[in-house]
Amino acid sequence: MIDRPTALSVMESKITNQNLRKHILAVEAGMIRLAKHFGENAELWGLTGLLHDLDYDVTANEPDKHTFVTEQWLAEYDLPRDMLYAIRCHPGHAECKSRLDWALYTVDPATGFIVACALMHPSKKLINVDGEFMSRRFKEKRFAAGALRENMAACTNLGLELDAFLLLVHDGMMTISDVLEL
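Numbering of the sequence shown is given in the numbering used here, commencing with residue 1 and proceeding in unit increments.
1. For R4, which residues of its own chain have a beta-carbon under 8 Å away from its beta-carbon, when the five flanking residues on both sides are left out?
2. Answer yes or no: do G39 and V107 have a C-beta to C-beta separation smaller than 8 Å?
3. Would you say the beta carbon of G112 comes nearer than 7 Å to a heavy atom of the ligand HEM?
4. With a CB to CB cut of under 6 Å and the five nearest residues on each side skipped, what residues in its chain are close to H170?
5. Note the first and the last residue of the continuous alpha helix (DSSP H) segment covering R81.
6. Applying the 10 Å Cβ sphere with the 16-neighbour rule, what's the burial state of G172?
7. Are the stretch 149-168 and the stretch 110-129 in contact at 8 Å, needing three or more beta carbon pairs?
8. Which same chain residues, not among the five before or five after H23, have their C-beta less than 8 Å away from its C-beta?
9. Could you give the distance in angstroms between the alpha-carbon of R88 and the alpha-carbon of T67?
10. Mind checking D55: buried by the 16 CB within 10 Å criterion, or exposed?
11. Identify, in the order they occur along the chain, each residue of the same chain with its Cβ nearer than 7 Å to the Cβ of I2, setting aside the five sequence neighbours on each side.
12. Report the option in T6, A60, E181, I32 whose CA atom is closest to the CA atom of K124.
13. Can you give the Cα-Cα distance for K139 and N41, rounded to whole angstroms?
14. Between which two residues does the alpha helix (DSSP H) harbouring M11 extend?
15. Mapping DSSP to helix, strand and coil, what is N41?
16. Can you list, in chain order, the residues of its chain whose CB lies under 6 Å from that of N157, leaving out five sequence neighbours each side?
17. By a C-beta neighbour count over all protein chains shown, 10 Å radius and 16 as the cutoff for buried, is E16 buried or exposed?
18. Suppose contacts are defined by Cβ-Cβ distances below 8 Å. Is L104 in contact with H90 by that definition?
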């Protein structure tokens, strides 16, 4: 399996947009936090998050190709099938079946939502975003409209209520708040 320094190098070679890099690192951090919560393989889950949008720069205008190019690029690394399958699930190209699939599917939009919450907060800091603030914003359909509520609400497939799920992802993102500049 690929190690994190190699995966990070691959990601940085494919992704040029700094905000997209931050998104990817936020997803990695959220995935690691969820893996620890569930007693799953944090390395596998983190790497899945780190590599999930690898081809976004080249597939942004062709969403039907998103993740398939990633899979081609990663073929040389002989990655676990469940990692590649979860990556394919996150934009809806395959049906979520496992906890890993559901985690990536839900964490991906949640990170964008949580970043929007932080930017909306007067302090512009993750540390000041609490569960109540996120819950209020979640109910505002026009707030962070690109963060798909339906995908985030699918956290129930992980056995988590929305508020608990968002707090876990937030906790993961807090571990890299300096990198996220939030």
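Ideal Cβ positions, reconstructed from N, Cα and C, are used throughout, including at glycine.
Here's the rundown:
1. Here the set comprises E43, G46, L47, L50.
2. No.
3. As presented, the structure is devoid of all ligands, the ligand HEM included, so that no description of it is given.
4. In chain order, I114 place their CB closer than 6 Å to the CB of H170, counting only its own chain and leaving out the 5 sequence neighbours on each side.
5. Segment 81-89, the alpha helix (DSSP H) holding R81.
6. Counting Cβ neighbours within 10 Å, G172 comes out buried, since at least 16 surround it.
7. With a cut-off of 8 Å on Cβ pairs, the stretch 149-168 is in contact with the stretch 110-129, counting three or more such pairs.
8. Excluding positions up to five away in sequence, the list reads D53, T111, G112, V115.
9. R88 and T67 have their C-alpha atoms spaced approximately 6 Å apart.
10. So D55 counts as buried.
11. Result list for I2: L47, Y77, L79, in chain order.
12. Nearest C-alpha to K124: E181.
13. Going from the Cα of K139 to the Cα of N41 covers about 33 Å.
14. First-last of the alpha helix (DSSP H) with M11: 4-14.
15. Coil, per DSSP.
16. Contacts found: W102.
17. Note on residue identity: the sequence assigns Thr, not Glu, to residue 16. By the 10 Å Cβ count, T16 comes out exposed.
18. Between L104 and H90, the gap from beta carbon to beta carbon is short of 8 Å.
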